[in-house]
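One structure below.
Numbering (the working numbering), first residue to last: 288 to 435.
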């Protein structure tokens, strides 16, 4: 084939069109998913709070910032550890991957990915705002709610 002639499939993605339009499945352990999302939000909020209270403690020692610093540090570590443990226990029903735990495996092109965020953070935000997400490994769409 001459170089100037391009194939019709050269510009298309390797992802099949049925994969983009498949119906969302109901996620089975919805309670665990909601707990993971809440723990992730606690982690995201406790990190800047811990940094702020630690800076205040260093700048003003003895001004009563010890309890705030300790509380925010306990919230940060506790929510981080519990979130990672629960995320590792949560598996996709099709590929048996951990869609809420970032690993070094190859991610699917249709997986939820927002700019400047990780796949896990993008998935958590999609669950929080839309109630839907895609498994980052097999791109199966899932949703929260009842079975129809």
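A virtual CB, placed ideally from N, CA and C, is assigned to each residue, including glycine.
Here the structure is a predicted model, which is why all the values come from computation and not from measurement.
Unbroken beta strand (DSSP E) run spanning residue i, endpoints
i           : result
residue 335 : Element bounds for residue 335: not the beta strand (DSSP E) but the alpha helix (DSSP H), 317-346.
Local conformation of residue i per DSSP, three classes
i           : result
residue 393 : coil
residue 380 : coil
residue 412 : helix
Bridge partners - residue i, DSSP secondary structure assignment
i           : result
residue 428 : 421
residue 313 : 430
Span of the alpha helix (DSSP H), counted from its first residue to its last, around residue i
i           : result
residue 355 : 353-376
CB-CB length for residue i against residue j, believed under 8 Å
i           : j           : result
residue 416 : residue 422 : At roughly 18 Å, the Cβ-Cβ gap does not stay under 8 Å, so residue 416 and residue 422 are not in contact.
residue 326 : residue 370 : 4 Å
residue 328 : residue 363 : The pair is not a contact, with the Cβ atoms about 12 Å apart (cut-off 8 Å).
residue 360 : residue 377 : Their Cβ separation, rounded to whole angstroms, is 26 Å, which puts residue 360 and residue 377 out of contact at 8 Å.
residue 340 : residue 356 : 4 Å
residue 366 : residue 323 : 10 Å between Cβ atoms; not a contact.
Distance cut-off 7 Å: residue i Cβ against heavy atoms of the ligand FAD
i           : result
residue 372 : The ligand FAD is absent from the structure shown, which contains no ligand whatsoever.
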